[in-house]
Structure formats: structure tokens, C-alpha cells
Amino acid sequence: MRKLRSVFITLLSVIILTASLVGCESKKNDVPTVQGLFYKVEKDGNYLYLGGSVHVGKEVKFIDSVEKAYKESDGLGVEINIQDKKLSEALNKEMMYPEGDNLLNHITPETKDKIEKIVSELGLKLDYKQYKLWALQSVITNAIANKAELSAYNGIDYKFITKATVDKKPVISLENVDIQLKAINAGGDELQSEVINNLPEIEEQQKALGKMYEAVINGDIPQIEKYTSTINSGSELSRESYNYMAVERNKNMISKIEGFISENKKYFIVVGAGHLVGEDGIIRALEDKGYSITRLE
Numbered sequence: 009m010r011k012l013r014s015v016f017i018t019l020l021s022v023i024i025l026t027a028s029l030v031g032c033e034s035k036k037n038d039v040p041t042v043q044g045l046f047y048k049v050e051k052d053g054n055y056l057y058l059g060g061s062v063h064v065g066k067e068v069k070f071i072d073s074v075e076k077a078y079k080e081s082d083g084l085g086v087e088i089n090i091q092d093k094k095l096s097e098a099l100n101k102e103m104m105y106p107e108g109d110n111l112l113n114h115i116t117p118e119t120k121d122k123i124e125k126i127v128s129e130l131g132l133k134l135d136y137k138q139y140k141l142w143a144l145q146s147v148i149t150n151a152i153a154n155k156a157e158l159s160a161y162n163g164i165d166y167k168f169i170t171k172a173t174v175d176k177k178p179v180i181s182l183e184n185v186d187i188q189l190k191a192i193n194a195g196g197d198e199l200q201s202e203v204i205n206n207l208p209e210i211e212e213q214q215k216a217l218g219k220m221y222e223a224v225i226n227g228d229i230p231q232i233e234k235y236t237s238t239i240n241s242g243s244e245l246s247r248e249s250y251n252y253m254a255v256e257r258n259k260n261m262i263s264k265i266e267g268f269i270s271e272n273k274k275y276f277i278v279v280g281a282g283h284l285v286g287e288d289g290i291i292r293a294l295e296d297k298g299y300s301i302t303r304l305e
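Now the structure itself:
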């Protein structure tokens, strides 16, 4: 059961899918300066910057070396541009079951009872039966984030997308809607029901999300690696999910990053921090390919 709870902690870092999910307001006073997890990736005189995101957060400022790297960049690279209206609409469309189908056709009575308990405790006013299970998990995650005073609008990726839009820098998506949907639905209803059925109490989930957020903004690599390694050490279903959520997607992103560097495109790239670290992470793979990696400090 503890492994399943840890799997949920890992799933908390999945993308907040739509800008229509409401985030809490950030407090303007005492904005901390943080290091985050950012690198310069270099080969044959060409380079770009690569950083780790958590998709919910509080208002923060990054250290000067990070802000300077962003300003120097020719464009911003992200997993997917969550502020792109067409992409957002496509994701929204996939969140709901088509007419004639609903969630109750895909879950057990046990899972139904657990969902209704969570929805009630969070005070969510929604017809949960119309949501696909992965989409409902996203709504639940966002509600828990709000309780922890973490907002999707202060997620690291969202922050830099907003900056790039204001600065008229191009925003490049490393992935598309299909890749994202396959990732968040990895393991299917069976794994997601398993996770839902074993969720801890709301307060414990809040604390877990808060710890994950602190690990990313402080660049605590060992702590981030704990989250990414847990899902790979769980059930066969969770390992299969990890293989697509992390390993296969990392290969795709590595290919894109190598292409940018070979073309001397000085992009500032931000992806989920879990993609960067660990044995299957992007940083390790790039080092093995002969790229010079320097942490921004």
C-alpha cells in the first residue's frame, strides 16, 4: 500500500492539463529567490539551457544565472504549450466521455465510493461521472494543490510561457497532444483505479505535494529521484506506466534537444523535473552522448 501511495505522489507531477482549472492566488510579499534545477548543455561550441519544472507552485524568483540564461535564449521549449488555445481545447475535449458512456462503466463500486469520498471532502462541485479517470485525477490534484496554496499559474513552465509571450519569444512544444494523452493515461483505468483506491488522506496528499514542490524549486536531486524511482519499482502496471511516462518520452525529448544544439538554437527548455534526473533521465543520457553539462548556480 505504501508503494501505491508513493505512486500517487509521482503522478502529482503530471501536467495540469488546462488553464480552465482554477489556481489559488499567490501572495505578493516575501517572494523567495530559488535556484531550481537548471543546466547549460553544450557540445562543439553550441549550447542551450535545460531546466526542471513542477507544474504547480508559488510565486518565486530564480537566481540571476537562470534569469540571464532565459534572457539570452532565442526561444522557449516546453513539453507542451498549455497556453495554446487549440491545444487546450483539444485536451479539454478528451477529458470527458462521449454521450452514452460515463466513468461508472469503467470503475468498480469500491473506486466509485472512494471517488465520492474525495470529491465530498474537497468540496468539488462537479458531475464527476462525466470525467475520464485521468482527467478526474487532474481535477483532484489541482484541488489539493489549491489547499496547499500551490497554483498552476505559478508552475515553472507556466511562468516561463507567460514571460516568453510577453517578450515575444517563440514557444516550441517538444511534444503534442497525443503524446501527452498517452502519458497521462498510461496504465489505463486499471492502474488509475488502483492508485485512487489507495490514496491517503487529503492532508497527507497536501504534504506530499508540498514536499515535491520544495524539492524541485530547491533543486534537491536525490529527493526528486525518489519520486521518479518509486513508480518504476511498483507493480508491473506501474512499471509499464513509467516506461512510457518517462523512458520513451525522454528519448523523444533528447532527440529534439540534440537537434536544437546541432542547429545552434539557443533555446531555454523547461520540462518536468522528473524527466531530467535518475538513470533514465535526460541529463544522464546527454552526458553519455558526450555533452558537457553545467549546473546553473
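Heads up: the sequence shown runs through residues 9 to 305, numbered per my numbering. A virtual CB, placed ideally from N, CA and C, is assigned to each residue, including glycine.
Checklist entry - What runs of the alpha helix (DSSP H), each 4 residues or longer, lie entirely inside the segment 52-91? => result 72-80
Checklist entry - Considering only residues of the same chain and omitting the five flanking positions on each side of V285, which have a CB-CB separation below 7 Å? => result I229, I232, E233, T236 and I291
Next on the checklist: Between the alpha carbons of K66 and N205, how many angstroms are there, rounded?
Outcome noted: 29 Å
Item to check | Member of P40, K48, V39 and S61 whose CA lies at the smallest distance from the CA of G227 | outcome: S61
Item to check | Buried versus exposed, by CB contacts within 10 Å (16 or more), V39 | outcome: exposed
Checklist entry - Per DSSP, G280 forms a beta bridge with which residues? => result S61
Checklist entry - Touch check for the segment 267-275 and the segment 190-206: three-plus C-beta pairs under 8 Å? => result no
Checklist entry - Between K93 and G280, what straight-line distance do the alpha-carbon atoms span, to the nearest angstrom? => result 21 Å
Item to check | Rounded straight-line distance, which links the Cα of E50 to that of G298 | outcome: 9 Å
Checklist entry - Exposed or buried, which one is E183 when buried takes at least 16 other CB atoms within 10 Å? => result buried
Next on the checklist: I need the straight-line Cα distance from Y47 to I148, nearest angstrom please.
Outcome noted: 32 Å
Checklist entry - Which runs of the alpha helix (DSSP H), 4 residues or longer, sit entirely within the segment 139-213? => result 141-155, 164-174, 185-192 and 196-205
Checklist entry - Are the beta-carbon atoms belonging to G44 and I225 less than 8 Å from one another? => result yes
Next on the checklist: Taking contact to mean 3 or more Cβ pairs, one atom from each stretch, closer than 8 Å, check whether the segment 68-78 and the segment 110-128 are in contact.
Outcome noted: no
Next on the checklist: Looking only at its chain, what residues have a beta carbon closer than 7 Å to the beta carbon of K137, apart from the 5 residues adjacent to it on each side?
Outcome noted: N110, L111 and L112
Checklist entry - Apart from the five residues just before and just after M253, which ones in its own chain have a Cβ nearer than 7 Å to its Cβ? => result A191 and A194
Checklist entry - According to the neighbour-count rule (16 or more other Cβ atoms, all chains shown, within 10 Å of its Cβ), is G163 buried or exposed? => result buried
Item to check | Pairwise C-alpha distance: L294 and E287 | outcome: 11 Å
Next on the checklist: Taking only three categories from DSSP, how would you classify Y136?
Outcome noted: helix
Item to check | Reference L217; option with closest CA among H63, Y55, G53 and L56 | outcome: H63
Item to check | Inter-stretch contact at 8 Å, needing at least 3 Cβ pairs: the segment 164-172 / the segment 79-90 | outcome: yes
Checklist entry - With DSSP run on the structure shown, which of helix, strand or coil describes K94? => result helix
Checklist entry - Just reading off the beta strand (DSSP E) that I301 is part of, what are its end residues? => result S300 to R303
Next on the checklist: Between Y105, E266, T41 and V203, which has its C-alpha nearest S300's C-alpha?
Outcome noted: E266
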